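Residue numbering for the sequence shown follows our numbering, beginning at 834 and increasing consecutively.
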Amino acid sequence: MLKSQIQAKNRQTDEFEDEEKLVCPECGSEDVVIDAIRGERICNQCAIVLKGRIIDEGPEWRAFNTEERDRRSRVGSPTTFSVHDKGLSTIIGYENRDSFGNKLTASRRAQVYRLRKWQIRTRVHSSTDRNLAFAMSELERLSSQLGIPRNVKETAAIVYRRAVEKKLVRGRSIEAMVAATIYASARVRRVPRTLDEISSESHISKKELGRCYRLLLRELYLNIPLASPIDYLVRFGTELKLSGMCQRKAAEILAKAKESGLTAGKDPTGLAAAAIYIAGILNGERRTQREIAEVAHVTEVTVRNRYKELVKKLNIAITI
Ligand SMILES: [Zn+2]
């Protein structure tokens, strides 16, 4: 389907609000759901937010319990103390009185003030350090399981630190945030992994991964390029032990497919898989549809359908 057709289809659904399924413009998935909290249409397959009518942008703050929610919902000055510091009042009271209830002298007050400040600093820092240390070891573990290249891992470490600085990890699982960070960084570096792959290796649900990923996008203003089927070629080609020449051939096929408008709204991994299948045959390095489907994490049916389509529409002569 062409992008314009998809947009038209999406627009139509906007107007009539019928049961018709929406199609993700990026990966072609029909698994599009509405996030009730933010009122956004999101794709369950690649976690992007679909453009279109947004019902409610939702509050910019997050509340961690009902008390906090009530407090923050009210119009007025923002709350001063985060959960971190709140616990401190039990160590050094915020009332400027000693334990007998007498008012403190000015110099004593200054001393207590300094003590409080240092307590806050050490407490916040040590919890941040603990969080980071755990997150970095988790990043290391998951990256090696997924065979993530070093540059992606480094980008992920930077993104994660920024997430910690902006307190995005607070109230969320570190493992989920690390996994989402890897997903985002692999896309930034143009060696994307699918949400499915990361979900199955990290044992974090796709839903939670998607939620964390969108939070990173929103709050850290990450610039994520659209996933292109060409981004997957080198990885699939390497895993299938295909020559560089064969991978280049696959890239050529994809470039032609794009020119002819055959790629919009199609799953990029399926397209890459089909291009590799064709290039393998043309180059005398044939791999079975099954082998390719396994590497690409798509079904054999997808490989077959995309392959037939490409061969037919691009007039590629194939003899098997
Ligand atoms: Zn999608």
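Here a beta-carbon is modelled for each residue, glycine too, at the ideal position from N, C-alpha and C. Everything numeric in this text was worked out from a predicted model, so none of it was measured.
By DSSP's assignment, Ile875 forms a beta bridge with Val866, Val882.
With contact defined as three or more Cβ pairs closer than 8 Å, the segment 987-994 and the segment 1028-1043 are not in contact.
Cβ-Cβ distances below 6 Å link Leu1147 to Lys1089 in the same chain, with the five nearest sequence neighbours on each side left out; the list follows chain order. Close to ligand 1, as judged by a C-beta nearer than 7 Å to any of its heavy atoms, are the residues Cys857, Glu859, Cys860, Ser862, Cys876, Gln878, Cys879, Ile881, in chain order. The three-state reading of DSSP puts Arg1068 in helix, counting H, G and I together. Distances from the CA of Val997 to each of Met969, Arg1020, Val985 were compared; the closest alpha carbon is that of Met969. By the CB criterion at 8 Å, Ala1129 and Ala1112 fall outside the cutoff. The alpha carbon of Glu1127 has as its nearest neighbour, out of Tyr1110, Asn984, Ser1006, Ile1151, the alpha carbon of Tyr1110. Assigned with DSSP and collapsed to three states, Val1131 falls in coil, not helix or strand. When DSSP states are grouped into helix, strand and coil, Pro982 belongs to the coil group. Only exposed fits Phe967, as fewer than 16 other CB atoms lie within 10 angstroms of its CB.
Closest option to Ile867, judged by alpha-carbon separation, among Arg1068, Tyr946, Lys884: Lys884. According to the DSSP assignment, Cys1079 belongs to the alpha helix (DSSP H) that extends over 1077-1092. Taking 8 Å as the cut-off, the Cβ atoms of Asp1064 and Ser862 do not count as close. Taking all protein chains shown into account, Pro1058 has fewer than 16 neighbouring C-beta atoms within 10 Å of its C-beta and is therefore exposed.
Rounded to the nearest angstrom, the gap between the Cα atoms of Arg874 and Cys857 is 10 Å.
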